[in-house]
Amino acid sequence: MPAAYKLNRTENDLFGLVWFGLVWFVYELELMNFGGKIKSPAYLAINPMGKVPAIKHGDTVVTEVVAICAYLADQFPEHKLAPALDSVLRGSYYRWLFFAAGPLEMAMTAEAYNWDINGKNVQSVGCGYISDTVNTLEMALKNGPYVCGEQFTAADLVLSSYIGWEIAQKNLEARPVFNCVMLVSSSVNLRCRLPCAAP
Ligand SMILES: N[C@@H](CCC(=O)N[C@@H](CS)C(=O)NCC(=O)O)C(=O)O
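When we follow numbering that gives the first Met the number 0, the leftmost residue of the sequence shown carries the number 0, and every step to the right adds one.
So, in structure tokens, the structure goes:
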């Protein structure tokens, strides 16, 4: 089973909901603190970025929250957190996982730190205007019940975690579909599936 590294903060942090899902898998959990163990040589040997989360599974180290979720979903298929390799749903699965790691993380950081995305730079900025990313996220989620259709996947875990954190940080407006997605993911995490028709 994997060892996992996570910040010593509340379960509502950036990776809280994702992590809540990952405890299905995680055997050993090592908590980090800002400026402390996270920048120690021992941890930098695991992640030279000095950032969490990270996991070690046998000799394999995986960093980047979305990669960790995708990796664990593949390694522990009994949890059915990824569409089958030959399923066409794999297209949506990859699409929204990478959307979270790319445009969504970038747009939320841009919002948090007032980055100037304007007519001169928007064509080169991966998230476009912040509203482009937020509207696309809403579009992806509104047909439900899950982002890949009928199957709850690691992509839902990732997106709901980002959404929860970013709403709490006031970087993302609490649109009805975003609230709904968080509720559904929490429920699935608690092993009681409550498919939700988005408003
Ligand atoms: N792109 C990374 C982001 C990781 C990240 O920013 N982690 C923050 C969590 S708040 C961290 O470890 N910060 C500690 C530091 O930079 O010292 C991922 O997806 O995992």
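The beta carbon of each residue, even a glycine, is placed where N, CA and C say it ideally should be. The structure presented is a predicted model; accordingly, all values stated were derived computationally and were not measured.
(message) Here's a check: name, in chain order, each residue in its chain whose Cβ is nearer than 7 angstroms to the Cβ of A109, leaving out the five neighbours to either side.
(response) Along the sequence shown, read from residue 1 onward, the residue named residue 109 stands at position 110. Scanning its chain for C-beta atoms nearer than 7 angstroms, with the 5 sequence neighbours on each side dropped, one finds around A109 the residues I116, C126, I129, in chain order.
(message) Less than 8 angstroms between the beta carbons of Y4 and P40, yes or no?
(response) Reading the sequence shown from its first residue, position 5 is the one you call residue 4. Reading the sequence shown from its first residue, position 41 is the one you call residue 40. Contact: no.
(request) Would you check if the distance between the CB atom of Y145 and the CB atom of T152 is smaller than 8 angstroms? (result) Mapped onto the sequence shown, residue 145 falls at position 146. Mapped onto the sequence shown, residue 152 falls at position 153. Cβ distance < 8 angstroms, so Y145 and T152 count as in contact.
(request) Count the C-beta pairs between the stretch 97-111 and the stretch 73-86 that are closer than 8 angstroms, then say yes if the count reaches three, no if not. (result) Pairwise C-beta distances place the stretch 97-111 out of contact with the stretch 73-86, as fewer than three of them are shorter than 8 angstroms.
(message) For N170, which residues in the same chain have their Cβ closer than 7 angstroms to its Cβ, ignoring the five residues on either side in sequence?
(response) Residue 170 sits at position 171 when you count from the first residue of the sequence shown. So the list reads M107, E110, A111, once near-sequence residues are dropped.
(request) Find out if the Cβ-Cβ distance for the pair C68, L156 is shorter than 8 angstroms. (result) Looking up residue 68 in the sequence shown gives position 69. Looking up residue 156 in the sequence shown gives position 157. Taking 8 angstroms as the Cβ cut-off, C68 and L156 qualify as a contacting pair.
(request) Note down the Cα distance separating S160 from L96, rounded to an integer number of angstroms. (result) Taking the first residue of the sequence shown as position 1, residue 160 is located at position 161. Taking the first residue of the sequence shown as position 1, residue 96 is located at position 97. About 12 angstroms.
(request) Consult DSSP for G148 and reduce its assignment to one of helix, strand or coil. (result) Here residue 148 refers to the residue found at position 149 when the sequence shown is read from its first residue. Note: G148 maps to strand in three-state DSSP.
(request) For T132, I'd like the list of residues in its chain whose CB is within less than 7 angstroms of its CB, leaving aside the five on either flank, ordered along the chain. (result) Here residue 132 refers to the residue found at position 133 when the sequence shown is read from its first residue. Only P102, L103, A106, C126 meet the Cβ criterion.
(request) May I have the straight-line CA-CA distance separating E63 from K119, to the nearest angstrom? (result) On the sequence shown, position 64 is the one that residue 63 refers to. On the sequence shown, position 120 is the one that residue 119 refers to. Approximately 30 angstroms between the Cα atoms of the pair.
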